[in-house]
Amino acid sequence: MSLAFDLKNPNYEFIKTQTKAESAVRELLKNQIVAVDIEATGLEPYTCNMVLVQIATKEKSYIFDPKTLNLKIIKPILEDKKILKIMQNGKFDYAFIKLKLGIEIDNIYDTMLAEGVLTAGYKVSKSLGALAEKYLEIKLEKEFGMSFVNMHTNVTEDQLKYAAIDTLILFPIFEKQKTFLDKEGLVRIAKLEFAVTKVVAEMELMGIHVDKVKWMEIINALKKKRDIVSQKFQDEIRSLYPSNQFDLFGNLSNVININSQVQLMELFNKRLKVEIPATGDAILAVLDHPIAKILREYRGYEKLISAFGEGLLEKINKKTGRLHPDFIQLGAATGRFSCQNPNLQQIPRNSEEAPFRECFTPEKGNLLTVTDYSSMEMRILADLSGDEKMIKALTEGLDIHSYTAALMFNKEYSSNFKKKYPDLRQISKPIGFGLMYGMGSSGLARQIDVSKEKGKEYIKLYFKSYPKVRSFLEKMAKDAVRNGWSSTPGGRKRWYRKPERNDPEYTKLIANIERQAKNHPIQGTNADAIKYALVYVYDRLKKEKVEGGITLTVHDELVCEVREDQAEDWAKIQSEEMVRAGELFIHKVPVVSEPFVSNVWEH
DNA sequence: AGAGGTGGTG
DNA sequence: CATGCACCACCTCT
Numbered sequence: 057m058s059l060a061f062d063l064k065n066p067n068y069e070f071i072k073t074q075t076k077a078e079s080a081v082r083e084l085l086k087n088q089i090v091a092v093d094i095e096a097t098g099l100e101p102y103t104c105n106m107v108l109v110q111i112a113t114k115e116k117s118y119i120f121d122p123k124t125l126n127l128k129i130i131k132p133i134l135e136d137k138k139i140l141k142i143m144q145n146g147k148f149d150y151a152f153i154k155l156k157l158g159i160e161i162d163n164i165y166d167t168m169l170a171e172g173v174l175t176a177g178y179k180v181s182k183s184l185g186a187l188a189e190k191y192l193e194i195k196l197e198k199e200f201g202m203s204f205v206n207m208h209t210n211v212t213e214d215q216l217k218y219a220a221i222d223t224l225i226l227f228p229i230f231e232k233q234k235t236f237l238d239k240e241g242l243v244r245i246a247k248l249e250f251a252v253t254k255v256v257a258e259m260e261l262m263g264i265h266v267d268k269v270k271w272m273e274i275i276n277a278l279k280k281k282r283d284i285v286s287q288k289f290q291d292e293i294r295s296l297y298p299s300n301q302f303d304l305f306g307n308l309s310n311v312i313n314i315n316s317q318v319q320l321m322e323l324f325n326k327r328l329k330v331e332i333p334a335t336g337d338a339i340l341a342v343l344d345h346p347i348a349k350i351l352r353e354y355r356g357y358e359k360l361i362s363a364f365g366e367g368l369l370e371k372i373n374k375k376t377g378r379l380h381p382d383f384i385q386l387g388a389a390t391g392r393f394s395c396q397n398p399n400l401q402q403i404p405r406n407s408e409e410a411p412f413r414e415c416f417t418p419e420k421g422n423l424l425t426v427t428d429y430s431s432m433e434m435r436i437l438a439d440l441s442g443d444e445k446m447i448k449a450l451t452e453g454l455d456i457h458s459y460t461a462a463l464m465f466n467k468e469y470s471s472n473f474k475k476k477y478p479d480l481r482q483i484s485k486p487i488g489f490g491l492m493y494g495m496g497s498s499g500l501a502r503q504i505d506v507s508k509e510k511g512k513e514y515i516k517l518y519f520k521s522y523p524k525v526r527s528f529l530e531k532m533a534k535d536a537v538r539n540g541w542s543s544t545p546g547g548r549k550r551w552y553r554k555p556e557r558n559d560p561e562y563t564k565l566i567a568n569i570e571r572q573a574k575n576h577p578i579q580g581t582n583a584d585a586i587k588y589a590l591v592y593v594y595d596r597l598k599k600e601k602v603e604g605g606i607t608l609t610v611h612d613e614l615v616c617e618v619r620e621d622q623a624e625d626w627a628k629i630q631s632e633e634m635v636r637a638g639e640l641f642i643h644k645v646p647v648v649s650e651p652f653v654s655n656v657w658e659h
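Following this line, the structure appears as structure tokens:
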């Protein structure tokens, strides 16, 4: 592929006067497509600064100096709905440009997200370097000293060259990707991802407030309990070890490291003479041994303290006093978000001892509006499979697991079924979830603690109740193995590496694909829906002039923080927009989302 | 630095 | 033979 620019000597202009900047803007406004990139002193927009802002045409990169220029003048380019902005991981640049210049970039084509939808399911790098190699067979040498991180000196000519290349190279990558998006029918889903990315940037900038005092109260209480249990554990096992050790202060020291799986295995298998294959909770639970009981109690506390302790508070932003986690837009192969630093999608649900979610609170004068889809994946399964009885149950608003149990075990469904036959419902519920995950009979048997034969029988009864669910799941599995991909009705694809026939793990690998492909259309459609919802909700916030923004998305849930007098009305709108998004994909059963207004995340 | 084990979420 | 999807954080151990 021949490039429209010279890699060794890219055409660029480093702009340091307002007059030159103005004429550059005039030139740029003549284009339908530009590439945009920034260089910054670090990754965090609140505490780092922009060093360069590059906007390029196919042939030439205009490099603006944010220190000497008033960059408000690039607003007409960046906010123009007609001019396409090619960016690599645009969320990053969007955040800086919004924060430093008050400009909201519109009409983004993101090469990283495009690559994400083109390679979903494959573990491949989506860095600019990787894309340049893949599409252009060019190696981008990011030399040491090229970084702008913590930079205080003047930019070098080499740095400017690379800054120029970072924009110029986006054009040919964009051209190549476009043909693949077309070929794979991924244009629609790519456009969705592009529309979502600015919402994600805004959501990250918004962040969420944490009640630090309450958080530490919870942690300290847990620590007290943990330390008592930990001491008890050491005392109970001390006699099993030959000599007592003392620490510097003459206290008895710990016999083993309770956190060490290796030492625990030695303890159970060699000293307590109970053969266990691992020390996970499922195994310890059935062991019925006093030491196992203490260990389980310890683990309960230790887990919460280590995973959600001070570490989370250390991530509070110095500038804003809020948490600003990274939402990875294509973090999961199914199209779901993932979340990092910290992962707010795995904060424990509130419990008596550890009401962590109560610590996420609105700023004074605001309230949180929380909306989630109710039993969305069940609804998706009903809709995609077209199973009449499941559709009927969900349409009539019946308790789906009770209704399933009634069908399976030939009982009359009633509104008090749950109370009348709790044991039957306890069988039907895990099957419903398990099947969406491609679970087999032995897995189910293990789950609900019945024999393998009983497990098989239950699944049979389930499929007899919902025959189309079976044929749907089997078709998904078979098609994916044949095609090497599966897709959602929204057009999102997930690819699978087909194993060689002679692979020693062939059967296992095929079984993996089958399970993943049964789940993908369900989980993926949920992801498609919540992503449309994010765009709808963001647009509606602006349209309704609501003061506030989106703070969190947790797979089937959206959380906004808004001015308190607007919260009640807004929560309803937020739910409506979620429903509207869900109805793009679900037509045969109702989409349901409940609105909540609250001064804590969850109560 | 990376793997494996464990366990939190949807 | 293994046999429930999708993640991320923390711990130990090599």
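Counting with our numbering, you get residues 57 to 659 for the letters of the first sequence.
The beta-carbon is built from N, C-alpha and C at its ideal position, and this holds for glycine as well.
Note that the coordinates shown come from a computational prediction; the quantities given were computed from them, not determined experimentally.
| Check | Outcome |
| --- | --- |
| Boundaries (first-last residue) of the alpha helix (DSSP H) holding methionine 143 | It is not in any alpha helix (DSSP H) - methionine 143 instead sits in the beta strand (DSSP E) that spans 140 to 143. |
| Helix, strand or coil at arginine 392 [DSSP, three-state] | coil |
| Aspartate 455, enclosing alpha helix (DSSP H) - first and last residue | Careful: aspartate 455 lies outside any alpha helix (DSSP H) and carries neither H nor E. |
| Chain-order list of residues whose beta-carbon lies under 6 Å from that of serine 543 (same chain, five-residue window excluded) | Lys549 |
| Selected residue, minimal CA-CA separation from aspartate 612, among Lys329, Ile245, Lys587, Leu351 | Lys587 |
| Start and end residues, alpha helix (DSSP H) containing leucine 500 | 497 to 504 |
| Member of Ala449, Ser394, Asn397 whose CA lies at the smallest distance from the CA of serine 521 | Ala449 |
| Opening and closing residue of the alpha helix (DSSP H) in which phenylalanine 120 lies | Premise fails: phenylalanine 120 lies in the beta strand (DSSP E), 117 to 120, not in any alpha helix (DSSP H). |
| Whole-number beta carbon distance between leucine 369 and tryptophan 271, since they are thought to touch under 8 Å | 6 Å |
| Nearest residue (CA-CA) to threonine 390, options Ala589, Pro577, Gly365, Lys116 | Pro577 |
| Straight-line gap, leucine 261 to alanine 151 (C-alpha atoms, nearest Å) | 7 Å |
| Proximity of glutamine 110 and aspartate 121 at Cβ, strictly below 7 Å | no |
| Neighbourhood of arginine 282 by C-beta distance below 8 Å, restricted to the same chain and skipping five residues each side | Tyr354, Tyr357, Glu358, Ile361 |
| Nearest neighbour of valine 330, chosen from His345, Ala341, Asp337, Ala338 [CA to CA] | His345 |
| Three-state class that DSSP yields for phenylalanine 473 in the structure shown | helix |
| First and last residue of the uninterrupted alpha helix (DSSP H) at glycine 638 | 620 to 638 |
| Three-state class that DSSP yields for serine 362 in the structure shown | helix |
| Complete beta strand (DSSP E) runs within the stretch 544 to 593 (minimum length 3 residues, chain order) | 549 to 551 |
| Bridge partners - cysteine 616, DSSP secondary structure assignment | Thr425, Ile606 |
| Proline 651, DSSP secondary structure in three states | strand |
| Beta-carbon contacts of methionine 168 that lie in its chain and below 6 Å, excluding the five residues immediately before and after | Gln144, Asn145, Lys182 |
| Cα-Cα separation, glycine 496 to leucine 463 | 20 Å |
| Environment of lysine 371 [buried if 16+ CB atoms lie within 10 Å] | exposed |
| Isoleucine 384 - containing beta strand (DSSP E), residue span | 382 to 384 |
| Euclidean distance between Cα positions of threonine 97 and glutamate 197 | 20 Å |
| Methionine 106 (DSSP reduced to helix, strand or coil) | strand |
| Proximal residues to glycine 241 (C-beta, below 7 Å), its chain only, five neighbours per side dropped | Gly547 |
| Inter-stretch contact (C-beta, 8 Å, three-pair minimum) for the stretch 155 to 162 and the stretch 119 to 137 | yes |
| Whole runs of the beta strand (DSSP E) within the stretch 155 to 192, excluding any shorter than 3 residues | 164 to 166 |
| Through-space distance from proline 646 to glutamate 189, alpha-carbon basis | 47 Å |
| Residues that DSSP places opposite tyrosine 68 in a beta bridge | Ser117 |
| Secondary structure of isoleucine 436, DSSP reduced to three states | helix |
| Contact the stretch 564 to 579 vs the stretch 518 to 532: 3+ CB pairs below 8 Å | yes |
| Reduced DSSP category for glutamate 292 - H, G, I as helix; E, B as strand; rest coil | helix |
| Stretch pair the stretch 555 to 573 + the stretch 412 to 426: three plus CB contacts closer than 8 Å | no |
| Start-to-end residues for the beta strand (DSSP E) that takes in isoleucine 133 | No beta strand (DSSP E) holds isoleucine 133; the alpha helix (DSSP H) holding it covers 131 to 134. |
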